[in-house]
Structures are given as structure tokens and as C-alpha cells.
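Written out below as C-alpha cells is the structure these notes cover.
Numbering (this note's numbering), first residue to last: 26 to 572.
Pasting the structure below:
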């Protein structure tokens, strides 16, 4: 046993000696560290080549785990909006009020109040016009005393104070636009500005035919309002009316454009009114109608009313017309107007068809003054004016207004419908003396005999009886109208002067009666041209009795 032990020790010592470091001068003591025995390496066999590209076997998906149903969320009562909260929310979304407010803020500094003093001579005519037929006592504005007879040439006068509105359109020159009737017959004109400063007018220039006027004041720190294009405004557009209604200065009312192209219904008066339901009352006259860009698109002029107050039907003169008029007033002090020498009327369906026209647009020529510009250019009675210059003509009022925009000696291209064709003419515009008159027909008139009319030759006795200023040189008098006739229904009355029938001049009574009998036997309507003692001339289509 001892031998075996020593033998093992010797073997171990030999192994240690063999493992000692070589070529070292001194051996470094080695610290033995116990380590875990190394695991034998495992060799992984390589996969076959085809196995690298072969798809993996599909594995059936595991069935979904059952989900427990969620508990229902607790019900929350809807939030109730209070009336006040709803009002605040809706008011916050109101953009229209903000727009009106901004337009007013920028426009109001250019609005003026016009105070006028008039010295009215107490003539019988003025007492009837201004005081309803009663002479005013010296200190009473609304008199109730019966009117004593006024001697011609009486020196007594009465002072009237009136009020209107206007707007500054040129701040550098101190120019203000208003209505002519606001400043007509004025002894003094005062202008009160937005900042309460008062100016006396340096001069006033008016055009009664359009009821427009320009006032000049000292140009001292004025604020002007620009003009807009009235032709671009459409029915339904929002507008604001400014002025001093009933003396309530710096008032503004809102509305829309209700209609465009309204005629004036005043003989010899020019306008193509914009109709609005923005409130206009006495004192608003001359104030501006303003669009949503703060531009003047109309000059407030008049209202239609039975009560004397606003009933939602107000009229403004279009800004485009106003600018042309005031430009002449400023530079020339007056307005020059073109003259054609014709009278026109509107077309209705019957009249249009009788002339072979398919629609009622245009203005029917009822008279042409001999030697007038229109006569020299070849315009004839029965022509339907379709276009003048670049303006299309819808009605007689259009001709009336377009004519005044031409100056004397200008060439006015004109297109007329004649005998089924369009004819181009050139009218050398004349200077207005008597002027153009427009006939606004009520209901069309008619003829004699079987058409319910009796005709008689013209005579001085009949002319006097029917109150003609002179004996007509042509035509025949209508001495009776059958009340059952189409003529009576369309407004033909005793004393009307028949000028022609279907273009045939009413000269020979026998010929005319024979023609009427033939046409009535055929049951055909006829077109007649008639005149009244007042000089109103128009075409009318009438049917035979019983038709």
C-alpha cells in the first residue's frame, strides 16, 4: 500500500515538472482556479438542400379564447342647453351683424345732414302747393286759417325750413351729392357733418330732370364715400340706407334690393330706379344707398306710400346715372341731353305679335317728329327699337334714359326691328329743346263701327269740344265707343284721334269704314294708333265685337 502511494506521488510530481514554463528565469507562482468541466461539443448535422426551400408545414391556428362580455357603460344624461346658452352660441356665429356694423362705421363719417331755408312768396299757387290752400300765420308752421285772396305781386313771403341728407363723394374739393328737391328754391343751405361742424354751401347746382344736385363746401377734414357700380347690384343683395329721417340724424336702415329698372312715372323725368325695402322716410332724401363694400350704389329719392311713412317701397337713383349727371353739373353747371325726336311705348304680347315679333322686349315708336334726328336717320313709326349704342332696350323707359346719355352731335348707333328684320341705323343726336316724351300705356285702345267705334272727320268744332289746343291736321275723331267693345275695355274714350289702322293712314272715312268691315267680317284683330288731346300717342290692338 505504501509502495503504491509513493508511486502515485512520483507520477504526479513528474507531470508537474513537465508542465513548468520554459526559458523563464524565475517561475511565477500559479494560482489554481477551479473550473467547471467542459461539456463535449455537439455536432449538428447539416439539413438536406431540399429542406431549405421546402415550405413549413401549416399549423392550425389555435381557437380564439372566449372573451367575456364587457359590462355596459353607465348611461350619462345628455347635457341640456339652456335658452341663454343657445342664444350666446348663435349670436357668436352671427357674421351679418358684424358686417353691418363695419359698413356703418366706415360710411357714417361721410354722411351729412342738409338744412335748407326757403323764402316762399305767398302766391295762390304756392299756398295750394305748400300750405294745402290755407294761408300760414306768421308764427305758425301748420296753418288752419282760410286763405284770403292774394293780390298779384304781393310782397309777403313765408319762411320754410326743410331737411334732407347727402354724402361727401370728393373730400379734396368738398363736393356733396343730394337730391335737387332738397335744395330747390333755397335761400340758405347749411351742411352739418358727422362731427357736428356746420358749413354754408359755396354753391349749389341742380338737375331737376333727374332730381340730383351737387353742393360745394369748404374742404376741411372731410371723409368721402366711394361710388360703386350700380349695374353689378342684383335683386336680393343687402343694402343699407343712411340719412336723417324725420330729423333723426345719423340713422341707418337695412334691407335688400327689391327690384331694378323701375320707371319714374313722371313725364320728362329721367331715372331707372333701384327699388329697396330698406326704410326710407322724409329726411332720407339725398342720402346714399350703400352696398356691403361701403360704396354708394344709389341716391335715395322717393317712396310709394298711402300712410305718408315707409311701407317698404323705396326708390334710389342708380349711382352710374348719378355720376354722369354730377360730372356735367360740376364742369358745366348744367346737363346737356341728347334728343332723338321720337315717342315710344312698351310692347305687350298682342302688339308684339301684330308686328311679327316673338317677344315683348324693345320700345315701339309711336311718333317721329318731322325733321328730327331720328327722322333724318330713317326711324319710322312702328319700328321697335332693340338697341341704342351698346345698351339693349327692354322698354320705353330704357330709350328715355339712354337718349339723355348722348351729347349733341354724337352718333348713336340704333338697331330696330322692322317688317320681320333687324335694321341698323345711325342717329346724329340733336340738342334737347322740347325733349323726348315717353308714353306709359295703361290698357291699349281700339277702332270704329263693328269694332265698337264711330268715326268722324276732323273739324274745328269737334277739336274745341274735345279740348284740343289746335285742330288736328290728320286723322279722324272717335266720337263714340261701345261699352261692350274690346276698345272700351282697353281704354279708348270719346274724343280720341285715330291716326292709322294697321299702318294705313286714317284720311278717307269711306275707305277706312270699308276696311274695318272687311277685317271684322274675317274676325281679325287690328292695330290702331290713337292720340289724345293731351298729346299722348300709343298703339293698341283691338278685336271685333263679340270676339
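Each residue gets a CB set at the ideal place from its N, CA and C atoms; glycine is no exception.
Contact test: residue i Cβ vs the ligand FAD heavy atom, cutoff 8 Å
i, result
"residue 295", "With respect to the ligand FAD, the structure offers nothing, as it holds no ligand at all."
Separation of residue j from residue i, as counted between CA atoms
i, j, result
"residue 434", "residue 248", "39 Å"
"residue 13", "residue 395", "The structure shown does not extend to residue 13, since the chain is modelled only from 26 to 572, so the question has no answer here."
"residue 308", "residue 271", "5 Å"
"residue 633", "residue 372", "This structure does not reach residue 633, given that the chain is present from 26 up to 572, and the question cannot be answered."
"residue 242", "residue 325", "21 Å"
"residue 440", "residue 418", "10 Å"
"residue 474", "residue 408", "Because residue 474 sits at a pLDDT of 47, beneath the cut-off of 50, its placement in the model cannot be relied upon, and the point is left open."
"residue 421", "residue 113", "53 Å"
"residue 451", "residue 438", "5 Å"
"residue 278", "residue 299", "16 Å"
"residue 449", "residue 413", "10 Å"
"residue 425", "residue 436", "17 Å"
"residue 228", "residue 275", "24 Å"
"residue 216", "residue 132", "17 Å"
"residue 459", "residue 225", "Residue placement at residue 459 is poorly supported in this model, since its pLDDT is 37, which falls under 50; the coordinates still yield a value, given next. Rounded to whole angstroms, residue 459 to residue 225 spans 35 Å at the Cα level."
"residue 385", "residue 551", "18 Å"
"residue 546", "residue 536", "16 Å"
"residue 338", "residue 356", "34 Å"
"residue 558", "residue 517", "13 Å"
"residue 151", "residue 189", "21 Å"
"residue 104", "residue 111", "12 Å"
"residue 119", "residue 263", "15 Å"
"residue 531", "residue 514", "22 Å"
"residue 548", "residue 257", "48 Å"
"residue 509", "residue 540", "21 Å"
Beta-bridge pairing of residue i - partner residues as DSSP gives them
i, result
"residue 329", "None, per the DSSP bridge assignment."
"residue 501", "482, 523"
"residue 189", "139"
"residue 406", "According to DSSP, which records beta bridges pairwise, residue 406 is partnered with nothing at all."
"residue 276", "268"
"residue 388", "410"
"residue 364", "455"
"residue 564", "554"
"residue 343", "323"
"residue 300", "284, 340"
"residue 443", "446"
Closer than 9 Å to chain D by CB, residue i
i, result
"residue 316", "Looking for chain D here will not work: only one protein chain is present."
Candidates the options, of which the one nearest residue i by Cα
i, options, result
"residue 231", "358, 263, 131", "358"
"residue 269", "203, 138, 226, 259", "138"
"residue 266", "234, 118, 305, 95", "305"
"residue 442", "132, 130, 381, 311", "381"
"residue 493", "560, 246, 210, 370", "560"
"residue 507", "478, 516, 530, 535", "478"
"residue 454", "446, 431, 445", "431"
"residue 488", "335, 120, 521, 217", "521"
"residue 369", "130, 411, 378", "411"
"residue 214", "562, 121, 240", "240"
"residue 482", "514, 511, 538, 515", "538"
"residue 246", "193, 106, 281", "193"
"residue 273", "140, 340, 378, 195", "140"
"residue 129", "149, 313, 383", "313"
"residue 379", "109, 564, 286, 97", "564"
Counted within 10 angstroms of its Cβ, other Cβ atoms place residue i as buried (16 or more) or exposed
i, result
"residue 329", "exposed"
"residue 124", "exposed"
"residue 101", "exposed"
"residue 360", "buried"
"residue 237", "buried"
"residue 303", "buried"
"residue 429", "buried"
"residue 296", "buried"
"residue 525", "buried"
"residue 533", "exposed"
"residue 59", "Residue confidence for residue 59 is low, a pLDDT of 47 falling below 50, so the modelled location carries little weight; the figure read from the coordinates is stated next. Result: exposed."
"residue 505", "exposed"
"residue 398", "buried"
"residue 169", "Note that residue 169 scores a pLDDT of 40, beneath 50, so its modelled location is shaky and nothing firm can be said."
"residue 553", "buried"
"residue 415", "exposed"
"residue 95", "exposed"
"residue 223", "exposed"
"residue 589", "This structure does not reach residue 589, given that the chain is present from 26 up to 572, and the question cannot be answered."
"residue 335", "buried"
Tell me, please, whether the segment 403 to 418 touches the segment 379 to 394 by the rule of three or more beta-carbon pairs shorter than 8 Å. With contact defined as three or more Cβ pairs closer than 8 Å, the segment 403 to 418 and the segment 379 to 394 are in contact.
Would you say the segment 312 to 327 touches the segment 125 to 140, given that touching needs at least three Cβ pairs under 8 Å? Three or more Cβ pairs drawn from the segment 312 to 327 and the segment 125 to 140 lie within less than 8 Å of each other, which places the two stretches in contact.
Decide yes or no for the touch test of the segment 341 to 348 against the segment 253 to 263: beta carbon pairs closer than 8 Å, at least 3 of them. As far as the Cβ criterion goes, the segment 341 to 348 touches the segment 253 to 263, which means the pair count is three or higher.
Flag this pair as touching only if the segment 192 to 200 and the segment 138 to 158 have three or more C-beta atom pairs under 8 Å; answer yes or no. Result no; under three Cβ-Cβ pairs closer than 8 Å.
Under 8 Å, with one C-beta from each stretch per pair, do the segment 489 to 503 and the segment 561 to 569 reach the 3-pair mark? With the cut-off at 8 Å, the segment 489 to 503 and the segment 561 to 569 do not touch.
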